[in-house]
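Be aware that the sequence shown starts at 92, since it is given in my numbering, and climbs by one per residue.
The beta carbon of each residue, even a glycine, is placed where N, CA and C say it ideally should be.
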Amino acid sequence: MTDERKRTEPADSFREGVRAVTGILGALRETIEATFEDMADKGDISQDKAKEAAKDTMNRAQDAMDKVRDRLDFATRREMDELRAEVAELRRRLDDHQGGGGAHAGGADAGGADAGGAGSPGTDLPPL
């Protein structure tokens with residue numbers, strides 16, 4: 092149980108950090124919008140320029156966050172879901188191959204590729 096908690100603590104801390112940054116960005120957005128609205132109301136800047144400046148500032152903040160994510164080598168949820176699906180499909184194909192091919196013996200697999208039989212190149216997989 093102690094080992095399990097040690098493994099999840101860094102992930103939990105990272106998630107909390109991401110949540111904090113997301114909250115900070117939300118507050119930053121609101122502050123920027125309010126600042127530019129105040130400037131527009133006072134006549135220091137036109138309404139259109141205020142909206143454009145707020146949008147540009149938020150785009151810059153988003154770009155900065157994207158750079159941080161890239162530096163952290165952070166995968167998106169969509170990327171992780173795609174990888175999970177790919178691993179599940181590879182496991183299924185491996186199980187089919189090891190079990191004598193099952194329903195796919197000598198035929199095409201779900202991806203349309205030949206499941207192969209004896210003598211097919213690239214289908215001789217070592218046992219796990």
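In terms of residues, what are the limits of the alpha helix (DSSP H) holding residue i?
i	result
aspartate 139	138-162
alanine 166	No alpha helix (DSSP H) holds alanine 166; DSSP gives it neither H nor E.
Drop a sphere of 10 angstroms on the beta-carbon of residue i, count the other beta-carbons inside from all chains shown, and report buried for 16 or more, exposed for fewer.
i	result
alanine 141	buried
glutamine 189	exposed
alanine 204	Bear in mind that the predicted position of alanine 204 carries a pLDDT of just 44, short of 50, making it unreliable; the figure below should be weighed with that in mind. Alanine 204 comes out exposed.
Judging by CA-CA distance, which residue of the options is the nearest neighbour of residue i?
i	options	result
alanine 144	Asp161, Val159 and Thr126	Thr126
Is residue i near residue j, with beta carbons less than 7 Å apart?
i	j	result
methionine 130	isoleucine 123	no
arginine 110	methionine 149	no
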